[in-house]
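S.K.: In the UniProt record's numbering, the protein residues as written are 1 to 349. Right, I'll just put the structure down here and ask away after.
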């Protein structure tokens, strides 16, 4: 049985349990979800906690023992049971910590160096709203702790060159994506001598060293998905006409087809890299692609395999490894880098 006591004055939480600390944290997590507008279902508890159905049932039982206000309701859409808690019952548990607010500040800084201006502004507004909801005396203490933590962490920095965005373009892309609206852009591709107008059906945004808009160019025959560099969009206007996304499109699955966010080729390749023994320790610290598998070579080397498109971006990355990596497949990639493997780099990524 779990006993959770909340001191209303200090908002300190005391957990007395004959179970693990992890289980107590799980219960608090589900209590917070139950206090949301829709409440929580057994299936959602299974998913959130990555546990089985019986465990979800035990969590609901424990939640009811601690919070008599827990109410079982019927989901109007599915007809299945959901459990809800009044917000006031768990409000003291939901006050953010200095660590959480510091993480939000770091996210603002990192996003500001790679994403759109509108997303950064949305995070700043969220930060301000969270602080506004915390009682004054506690808010001041938390802000002081957050400031000290950020100073200790040294904030977040991303040195090196980066693309400069245009606020009107960022806002237009965000608006079009939210409303599935067509987007008229003035775009200059790398082969274009001058920018020209296009009408796009935007499907998603890929973030990386550069940002790419995944969209269908309605002026092209075939209507396939393309990647458009956001920094090459000189102007953008949201049109009043909406569109239907390609059936079955999933941005995560689409991103997994790419090595990075840029694709020059349409084909997907079986990629095999061999890292020399001197580079294995460094290479093991990288996830080169979500689908990768690795194996140790008899000579102490590391073999990395994955399936993806984007040979040119692979070249850009492989160049940093000098002669410490060898491309075994595909032959096109091996040919592209064969004259660029160097032995005089003093370090590896």
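Even for Gly, the Cβ is constructed at its ideal location relative to N, Cα and C.
1) Which word fits residue 67, buried or exposed, when buried means at least 16 other C-beta atoms lie within 10 angstroms of its C-beta?
2) Under DSSP, the beta strand (DSSP E) around residue 201 begins and ends at which residues?
3) Tell me whether the beta-carbon of residue 183 lies closer than 7 Å to the beta-carbon of residue 202.
4) Quick check: what's the CA-CA separation for residue 313 versus residue 320?
5) In the structure shown, what three-state DSSP assignment does residue 293 receive?
6) Would you report the Cα separation of residue 216 and residue 189, rounded to the nearest angstrom?
7) Comparing C-alpha positions only, which one of 47, 70, 299 sits nearest to residue 36?
8) Starting from residue 317 and walking both ways along the alpha helix (DSSP H), at which residues does that stretch end?
9) Can you list, in chain order, the stretches of the alpha helix (DSSP H) that have 4 or more residues and sit fully within the stretch 225 to 290?
10) Assuming contact is defined by CB atoms lying nearer than 7 Å, are residue 357 and residue 165 in contact in what I supplied?
11) Would DSSP call residue 17 helix, strand or coil?
12) Please return the same chain residues whose Cβ sits closer than 8 Å to the Cβ of residue 252, not counting the five positions on each side in sequence.
13) In this structure, does DSSP put residue 30 in helix, strand or coil?
14) Between residue 29 and residue 186, what straight-line distance do the alpha-carbon atoms span, to the nearest angstrom?
15) On the CB-based measure, 16 or more other CB atoms within 10 Å of its CB, does residue 125 come out buried or exposed?
16) Whole angstroms are fine: how far does the CA of residue 33 sit from the CA of residue 50?
17) Is any heavy atom in the ligand SAM found nearer than 6 Å to the beta carbon of residue 268?
18) Consult DSSP for residue 323 and reduce its assignment to one of helix, strand or coil.
19) Quick one: is residue 283 buried, meaning 16 or more other Cβ sit within 10 Å of its Cβ, or exposed?
20) CB-CB under 6 Å to residue 334, same chain, minus the five flanking residues each way: which ones, in chain order?
M.R.: A quick look at the data gives this:
1) buried
2) 196 to 206
3) yes
4) 12 Å
5) strand
6) 15 Å
7) 70
8) 311 to 319
9) 251 to 256, 280 to 283
10) No answer is possible for residue 357: the residues shown for the chain start at 1 and end at 349.
11) Any reading at residue 17 must be qualified, since the residue scores a pLDDT of 41, below 50, and its modelled position is unreliable; the value itself is stated next. Residue 17 falls in the strand class under three-state DSSP.
12) none
13) helix
14) 47 Å
15) exposed
16) 15 Å
17) Annotation note on the ligand SAM: not contained in the displayed structure, which lists no ligands.
18) coil
19) buried
20) 327
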